[in-house]
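Down below is the structure, laid out as structure tokens.
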Amino acid sequence: METSGPTLSSHPHRFAVGLTGGIGCGKSTVADLFAARGAAVIDTDQIAHSLTAPHGAAMPALVAEFGPGYATPDGALDRAKMRALVFSDPSARARLEGILHPRIREATAAAALIADGPYTIFVVPLLIESGTWRERVARVLAIDCSEDTQVARVMARNGLSEEQVRAIMAAQVTRTRRLEEADDVILNDAGIDALLPQVERLHRFYLDEAARLAVPPSQRL
Ligand SMILES: Nc1ncnc2c1ncn2[C@@H]1O[C@H](COP(=O)(O)OP(=O)(O)OP(=O)(O)O)[C@@H](O)[C@H]1O
Ligand SMILES: [Mg+2]
Numbered sequence: 003m004e005t006s007g008p009t010l011s012s013h014p015h016r017f018a019v020g021l022t023g024g025i026g027c028g029k030s031t032v033a034d035l036f037a038a039r040g041a042a043v044i045d046t047d048q049i050a051h052s053l054t055a056p057h058g059a060a061m062p063a064l065v066a067e068f069g070p071g072y073a074t075p076d077g078a079l080d081r082a083k084m085r086a087l088v089f090s091d092p093s094a095r096a097r098l099e100g101i102l103h104p105r106i107r108e109a110t111a112a113a114a115l116i117a118d119g120p121y122t123i124f125v126v127p128l129l130i131e132s133g134t135w136r137e138r139v140a141r142v143l144a145i146d147c148s149e150d151t152q153v154a155r156v157m158a159r160n161g162l163s164e165e166q167v168r169a170i171m172a173a174q175v176t177r178t179r180r181l182e183e184a185d186d187v188i189l190n191d192a193g194i195d196a197l198l199p200q201v202e203r204l205h206r207f208y209l210d211e212a213a214r215l216a217v218p219p220s221q222r223l
């Protein structure tokens with residue numbers, strides 16, 4: 003029998019958190035701390051990246067759409083070339099997203115179905131921007147830091163100029179808007195030590211919520 007692909011709603015009773023934040027705020031760092039405590043972490047950025055890695059699942063469709071010139075010799079997406087194209091041509095961005103987004107959704111849903119651990123954390127950098135994630139997660143967790151911290155971290159990590167980092171930040175929702183949308187916030191302006199108690203507290207809260215969700219509604223307090 004033909005069935006449609008898995009969707010996130012295939013797992014309606016599993017407690018799920020959407021973790022977001024601006025570039026360089028510490029999403030990956032915080033997600034690792036939750037994973038170390040047993041949460042199932044699904045990183046949509048990593049999924050997107052693997053789709054366009056050498057011989058990634060999206061590569062045949064991308065080469066068919068944009069031509070072999072957009073693949074590197076080892077069969078990955080030529081990111082610099084694609085970035086230049088989509089900056090100069092909005093329709094190219096739409097075509098790129100038309101290929102990538104359904105595949106990211108499908109791979110994310112497939113990962114969610116096999117996730118173990120007491121609850122799932124989806125890392126979604128553009129969660130607020132995307133519009134469709136809010137209704138798929140019980141809580142939105144924002145990782146927050148000052149804009150100056152973001153700039154300093156991304157300059158150090160990626161070797162970009164301050165101007166380049168600020169240009170990326172300008173394409174994301176504002177810090178204020180993200181905080182308005184968030185149910186939970188982790189502040190990440192200080193060192194890793196300052197993260198641990200915040201992660202511990204939320205992990206315990208999410209464990210409680212996940213346990214509560216596992217009880218049928220009629221028996222909940
Ligand atoms: N509390 C911290 N103290 C010191 N360095 C940190 C801290 N949090 C994050 N960093 C560093 O800052 C950089 C950005 O952190 P991280 O990669 O976790 O952010 P991110 O939000 O996942 O970024 P991106 O949006 O690019 O995926 C990394 O080099 C990381 O090691
Ligand atoms: Mg990251």
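Per this note's numbering, the very first residue in the sequence shown carries number 3; after that it's consecutive. Glycine included, every Cβ here is placed at the ideal spot set by N, Cα and C.
Contact between the segment 173-183 and the segment 144-153 (3+ Cβ pairs under 8 Å): yes
For LEU115, three-class secondary structure by DSSP: Locating residue 115 in the sequence shown gives position 113, where the first residue counts as 1. Reduced to three states, the DSSP call for LEU115 is helix.
Short Cβ contact (8 Å threshold) for PHE17 with TYR121: Sequence index remark: in the sequence shown, residue 17 carries index 15 (1-based). Sequence index remark: in the sequence shown, residue 121 carries index 119 (1-based). Yes, they are a contact pair.
GLY28 to MET171 span [Cα, whole Å]: Start at 1 with the first residue of the sequence shown, and residue 28 comes out as number 26. Start at 1 with the first residue of the sequence shown, and residue 171 comes out as number 169. Straight-line Cα distance between these residues: approximately 14 Å.
Runs of alpha helix (DSSP H) wholly within the segment 46-134 (minimum 4 residues, chain order): 46-53, 61-68, 81-90, 92-116, 129-132
Contact the segment 128-136 vs the segment 48-63: 3+ CB pairs below 8 Å: no
Closer than 5 Å: residues whose CB approaches a heavy atom of ligand 2: LYS29, SER30
Assigned secondary structure, ASP146 (DSSP; H/G/I helix, E/B strand, else coil): Looking up residue 146 in the sequence shown gives position 144. The answer is strand: DSSP assigns ASP146 an E or B state.
Contact set for ARG105: own chain, Cβ-Cβ below 7 Å, skip 5 residues either direction: Counted from its first residue, the sequence shown places residue 105 at position 103. Contacts found: LEU53, ALA59, ALA60.
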